[in-house]
Amino acid sequence: MAEETIFSKIIRKEIPADVLYQDELVTAFRDINPRAPSHILIIPNKLLPTVNDVEVEDELMMGRMFTVARKLAESEGVAEDGYRLIVNCNPFGGQEVYHIHMHLLGGRPLGPMIVS
Numbered sequence: 001m002a003e004e005t006i007f008s009k010i011i012r013k014e015i016p017a018d019v020l021y022q023d024e025l026v027t028a029f030r031d032i033n034p035r036a037p038s039h040i041l042i043i044p045n046k047l048l049p050t051v052n053d054v055e056v057e058d059e060l061m062m063g064r065m066f067t068v069a070r071k072l073a074e075s076e077g078v079a080e081d082g083y084r085l086i087v088n089c090n091p092f093g094g095q096e097v098y099h100i101h102m103h104l105l106g107g108r109p110l111g112p113m114i115v116s
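For the sequence shown, full-length UniProt numbering puts the final residue at 116, and the numbers step up evenly by one.
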């Protein structure tokens, strides 16, 4: 079994977070270290450490992350101008918390994805 993370505690409301959305599959909350005017994390309620751990039975939950991202982008007022969704995987991908999470970033031009 995967090791519990800070995100597990946010899902269970054991630690405070600015939760914007929660249902039986996913939870979304503001990042505590925002990199853009809108920076929201969308996480599955099931602990999956990395994208490499996603199975066929997780497809509904993973799809829900995208539909919630769309709704949050609209409510944040960033949908029309554009936003970025990022999912990092493992150390070379920049993953810091080993509970899959999608970053929704918007509210300003975000520039290139990778600077060489």
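Even for Gly, the Cβ is constructed at its ideal location relative to N, Cα and C.
Predicted model only: the values in this text are computed from it and were never measured.
Here Ile-43 is buried: its Cβ has 16 or more other Cβ atoms, across all protein chains shown, within 10 Å. Spatial neighbours of Thr-50 in its own chain (CB-CB distance under 7 Å, excluding positions within 5 residues in sequence) are listed in chain order as Cys-89, Asn-90, Gln-95, Tyr-98 and Ile-100. In this structure, the CA atom of Leu-41 is about 15 Å from the CA atom of Ser-75. The alpha helix (DSSP H) runs of length 4 or more contained entirely in the UniProt domain "HIT" (6-115) are, from start to end of the chain, 6-11 and 59-76. Taking C-alpha positions only, Phe-66 is separated from Leu-25 by approximately 12 Å.
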